[in-house]
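S.K.:
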Amino acid sequence: MTTQIERSLVLVKPDGFARGLSGEVLRRIEAKGYTLAALAVTTPTREQLAEHYAEHEGKPFYEPLVDFMSSGQVTAVVIEGHRCIEGFRALAGATDPTAALPGTIRGDLGRDWGKKVQENIVHGSDSPESAAREIAIWFPNL
Ligand code: IDP
Ligand code: MG
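First residue of the sequence shown: 75, per this note's numbering; consecutive thereafter.
#1: What is the rounded straight-line gap between the Cα of Glu154 and the Cα of Leu83?
#2: Is the separation between the beta-carbon of Leu165 and that of Lys106 shorter than 8 Å?
#3: Does the Cβ-Cβ distance between Leu123 and Val140 come in under 8 Å?
#4: From Ile103 to Ala150, what distance separates their C-alpha atoms?
#5: Cα separation between Ala173 and Asp200?
#6: Contact check, Glu80 vs His156 under 8 Å by CB: the rounded distance?
#7: Classify Pro118 as buried or exposed, calling it buried when 16 or more other Cβ atoms lie within 10 Å of its own Cβ.
#8: What number of angstroms, rounded off, separates the C-alpha of Val115 from the C-alpha of Cys158?
#9: Exposed or buried, Gly90, counting other C-beta atoms within 10 Å across all chains shown (16 or more means buried)?
#10: Whole-angstrom Cβ separation of Pro138 and Lys189, contact assumed at under 8 Å?
#11: Under the three-state reduction of DSSP, which class applies to Glu208: helix, strand or coil?
#12: Measure how close the beta-carbons of Val99 and Ile209 come, nearest whole angstrom, since I'm counting them as under 8 Å.
#13: What are the partner residues of Leu83, as DSSP defines its beta bridges?
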């Protein structure tokens, strides 16, 4: 019997990419012990983002979120390791960077800029189902 090693989709969002924080995010992922299965720098299309953020369609921050996420380059990463979905969410910290605890990516590196959407450095899948769906969007050939 083979054990399925868990995978998660991580994005260094345009704010993090523009600030040169891709390396710092990758450093924390690798220091935690997860491995990298795929890596790409890309400027997301609105179509890609509509798929990726389908669950948020209709929410007040949805349009600002798509505007923000399509505003520049991102680093897209597939990480691997047992319970890496939960583990990366813990590394990332709370969605609101002001509330995110020091020690987390968002808590250490992010802040509120008074915009309609929280710019919070990273995305991480929140369940195995989301991870499979999101990995297919960003890495269709994986
Ligand atoms: P997550 O990224 O922590 O999983 P989600 O609820 O999936 O958070 O929201 C997706 C993204 O939308 C967040 O990372 C953040 O950039 C933005 N966002 C979520 N909730 C709000 C909000 O209440 N106000 C502004 N932006 C938000
Ligand atoms: Mg989410």
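Every residue, glycine too, gets a C-beta built ideally from N, C-alpha and C.
Keep in mind it's a predicted model, so treat the numbers as computed, not measured.
M.R.: According to the data block:
#1: Working through the sequence shown from its first residue, we reach residue 154 at position 80. Working through the sequence shown from its first residue, we reach residue 83 at position 9. Rounded to whole angstroms, the gap between the alpha carbons of Glu154 and Leu83 is 9 Å.
#2: Within the sequence shown, numbered from 1, the residue matching residue 165 stands at position 91. Within the sequence shown, numbered from 1, the residue matching residue 106 stands at position 32. For Leu165 and Lys106, yes; Cβs fall inside 8 Å.
#3: Locating residue 123 in the sequence shown gives position 49, where the first residue counts as 1. Locating residue 140 in the sequence shown gives position 66, where the first residue counts as 1. Between Leu123 and Val140, the C-beta spacing is below 8 Å.
#4: Here residue 103 corresponds to residue number 29 of the sequence shown, with the count starting at 1. Here residue 150 corresponds to residue number 76 of the sequence shown, with the count starting at 1. Here the alpha carbons of Ala150 and Ile103 stand approximately 13 Å from one another.
#5: The sequence position of residue 173 within the sequence shown is 99, counting from 1. The sequence position of residue 200 within the sequence shown is 126, counting from 1. Each residue's alpha carbon lies about 19 Å from the other.
#6: For the purposes of this step, residue 80 is identified with residue 6 of the sequence shown, where counting begins at 1. For the purposes of this step, residue 156 is identified with residue 82 of the sequence shown, where counting begins at 1. Contact holds; Cβ gap of about 6 Å.
#7: Numbered from its first residue, the sequence shown carries residue 118 at position 44. Pro118 should be labelled buried.
#8: Working through the sequence shown from its first residue, we reach residue 115 at position 41. Working through the sequence shown from its first residue, we reach residue 158 at position 84. Whole-angstrom Cα-Cα distance: 21 Å.
#9: By 1-based counting over the sequence shown, the position of residue 90 is 16. Buried: at least 16 other Cβ atoms inside 10 Å.
#10: Here residue 138 is taken as the residue at index 64 of the sequence shown, counted from 1. Here residue 189 is taken as the residue at index 115 of the sequence shown, counted from 1. The pair is a contact, with the Cβ atoms about 7 Å apart (cut-off 8 Å).
#11: On the sequence shown, position 134 is the one that residue 208 refers to. Glu208 falls in the helix class under three-state DSSP.
#12: As a first step, residue 99 is located in the sequence shown; it is residue number 25 there, counting from the start. As a first step, residue 209 is located in the sequence shown; it is residue number 135 there, counting from the start. Between Val99 and Ile209 the beta-carbon gap is near 17 Å, outside 8 Å, which marks them as no contact.
#13: Counting from 1 along the sequence shown, the entry for residue 83 is found at position 9. Beta-bridge partners of Leu83 (DSSP): Val152.
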